[in-house]
Amino acid sequence: MEKQLHLNLLASKPPTPGLQSGSKLRMGPGRKRDFTPLPWSQYFETIEDVEVDNDNSKDISFASIPSRPLTNNCTICIIYSSGSHGPVLLLLHGGGHSALSWAVFTSVICSRIDCRVVAMDLRGHGDAKVKNPDDLSAETMAKDIGKVVEVLYGENPPPIMIIGHSMGGAIAVHTAAANHVPSLLGLCVIDVVEGTAMDALNSMQNFLRSRLKTFKSVENAIEWSVKSGQIRNIESARVSMVGQVKKCEEPLSSPGVSKSISEGIIEEEEEEEEGCESNHKRKKEDDREIKKESLYTWRIELSKTEKYWEGWFKGLSSLFLSCPVPKLLLLAGVDRLDKDLTIGQMQGKFQMQVLPQCGHAVHEDAPEKVADALATFMVRHKFTEFKDGFPW
Numbered sequence: 001m002e003k004q005l006h007l008n009l010l011a012s013k014p015p016t017p018g019l020q021s022g023s024k025l026r027m028g029p030g031r032k033r034d035f036t037p038l039p040w041s042q043y044f045e046t047i048e049d050v051e052v053d054n055d056n057s058k059d060i061s062f063a064s065i066p067s068r069p070l071t072n073n074c075t076i077c078i079i080y081s082s083g084s085h086g087p088v089l090l091l092l093h094g095g096g097h098s099a100l101s102w103a104v105f106t107s108v109i110c111s112r113i114d115c116r117v118v119a120m121d122l123r124g125h126g127d128a129k130v131k132n133p134d135d136l137s138a139e140t141m142a143k144d145i146g147k148v149v150e151v152l153y154g155e156n157p158p159p160i161m162i163i164g165h166s167m168g169g170a171i172a173v174h175t176a177a178a179n180h181v182p183s184l185l186g187l188c189v190i191d192v193v194e195g196t197a198m199d200a201l202n203s204m205q206n207f208l209r210s211r212l213k214t215f216k217s218v219e220n221a222i223e224w225s226v227k228s229g230q231i232r233n234i235e236s237a238r239v240s241m242v243g244q245v246k247k248c249e250e251p252l253s254s255p256g257v258s259k260s261i262s263e264g265i266i267e268e269e270e271e272e273e274e275g276c277e278s279n280h281k282r283k284k285e286d287d288r289e290i291k292k293e294s295l296y297t298w299r300i301e302l303s304k305t306e307k308y309w310e311g312w313f314k315g316l317s318s319l320f321l322s323c324p325v326p327k328l329l330l331l332a333g334v335d336r337l338d339k340d341l342t343i344g345q346m347q348g349k350f351q352m353q354v355l356p357q358c359g360h361a362v363h364e365d366a367p368e369k370v371a372d373a374l375a376t377f378m379v380r381h382k383f384t385e386f387k388d389g390f391p392w
C-alpha cells in the first residue's frame, strides 16, 4: 500500500477497491454530506492580481481576475493573502491543484503564529492563463516566484519562508537554490522526495489515464475527490476542488462519459444507501441530465507536462540539502526517504516529521497537524512567536 502512495506526485491516487469501504465517512441514517463549494473569502482575507514585467513577450503567464485585460508585456498573477505582520509564508501548490488547496491550512496557521500568508496559482494552474502554456519547466516557474516577490515587496522584501507541496515543493527548492528570493528565511517541503518521485514517474501516465475525465458539476467533482480518497478532508475538498476543475468549452453527451461518472459516484452511493430501485431511477435521471448540461473537466492536462517531470525532481535531494537556510520536510510515510535524505537527516541537516494516516495532500488532509509542525519549527528558530493562547 505504501508503494502505491509513491505514485501520488502530481495528483492523488484513489485507494484500492479493497480499501474503499473503510475510507468512507459514515454520517448515520438519513444524513448526507454537503458537497457544495465554499468561497475563498471564508479562508483568505484578500485576493489581488499582481502585474509583473515579462522579459519575453512570447511567454506571458497571467492568472487574472476575469475583468482584467491581457497586456502584451506583463505577467498578471492572482494572489490570495491573509495577515498584516510577521514573516511571509509563500505557499506553492502541487501539480493539478491551485492556491485554494492551502485555504484551510491558512486559517489554521494564522491562528497559531504571527505571520502573513501569500498563496499563488502557479502558471498553468488554477485561474492562470498562460500564453505559452507548454513551458512548465522548473527554471521558468522558479523565476515566476522571484518576479512575484519582487513586485509585491520591491527591493526590501520581508523575511519569507517558502512552503511547497509535491510539485510545488520541488519548485520551492529550485527557487531557493537559485536565490530568487534574497530574503529567504526557511524552506518547508511537503511529501516530495527525489528517489520515490523518480521511481514513480514511469507509472504516472497510467494513473492519470485511470482518473475520471469529466464531472457533471463542481459538487460532483468534490464528491468524487472525497469518496475516491484524493482529498480526505471534506472541508478542504469543498474549497480546493473549485480551483482544480473548469467547465468544458463545449457540452459533451458521450454515453461513455455518462457511464464513467455514474460508475465513479452514483454506484458508490448505491452501496451506501438503501432502496436500490430508487437509486437506479436516480442514476438514469442523472445520465439524462449529464447529456443536457455542460460538463466539468480538469483545468490542466497533467499528462501533457510529462517532459518536465524529470526536471522537477532530478537532483532535488542534493539541491534541498544545499539550501543554506533551516529546512523542514513533512512526509506522509517514512519509507519515502531516499538515500541522500536519509544520510542528511542523520547528520542533522534538516528537520523531518512524519504525519501518518494522511494521503499525499498532507496539508489538506491534516491542516491542523501541518500548521502545528510548521508553527513549532518557526518558533524554535525564532522566526516568529506563538499567538496568545497557543499552544493550548
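Once you know that position 195 of the sequence shown is 195 in UniProt numbering, the rest is easy, because the numbers rise by one and skip nothing.
Cβ coordinates follow ideal geometry from the N, Cα and C atoms, glycine included.
Computed from a prediction, not measured in an experiment: that's the story for all the values here.
- Take Gln353, set aside five residues on each side of it, and the residues of its chain with a beta-carbon closer than 8 angstroms to its own are Leu328, Leu329, Leu330, Leu331, Ala373, in chain order.
- Lys216 carries a coil assignment under DSSP once its states are collapsed to helix, strand and coil.
- Fewer than three Cβ pairs drawn from the segment 206-213 and the segment 177-191 lie within less than 8 angstroms of each other, which leaves the two stretches out of contact.
- Counting along the chain, the unbroken alpha helix (DSSP H) around Ala177 starts and ends at 167-177.
- By a beta-carbon distance limit of 8 angstroms, Ser82 contacts Val117. Their separation comes to about 5 angstroms.
- Nearest to Ser41 by alpha-carbon distance, out of Ser137, Arg238, Lys213, is Arg238.
- For Leu136, no alpha helix (DSSP H) run applies, since DSSP gives it neither H nor E.
- When C-alpha distances from Lys307 are compared across Ser84, His360, Met167, Leu136, the shortest belongs to Leu136.
- The beta carbon of Lys247 sits closer than 7 angstroms to those of Ser294, Tyr296, all from its chain and outside the five residues before and after it, given in chain order.
- With respect to the C-alpha of Gly126, the residue from Gly96, Phe105, Glu139, Tyr153 having the closest C-alpha is Gly96.
- Linking Thr106 to Leu316 through their CA atoms gives a straight-line distance of about 26 angstroms.
- Relative to the Cα of Val52, the nearest Cα in the group Leu89, Val151, Asp34, Ala375 belongs to Val151.
- The closest CA to that of Asp144, considering only Ile190, Val104, Pro356, Leu90, is found on Leu90.
- Residues of the same chain with a CB within less than 7 angstroms of the CB of Ala142, apart from the 5 flanking positions on each side, are Ile171, His174, Thr175, Ala178, His180 in chain order.
- For Phe313, the closest alpha carbon among the candidates His360, Ala138, Gly333 is that of Ala138.
- At the C-beta level, Met120 and Ile162 stay beyond 9 angstroms of one another.
- Per the C-alpha coordinates, the member of Ala366, Ala361, Glu223, Leu321 positioned closest to Gln347 is Leu321.
- Restricting attention to Pro87, Phe35, Glu310, Gly168, the CA atom closest to the CA of His360 is found in Gly168.
- Counting C-beta atoms within 10 angstroms of its own C-beta, His93 has 16 or more neighbours from the protein chains shown and is therefore classed as buried.
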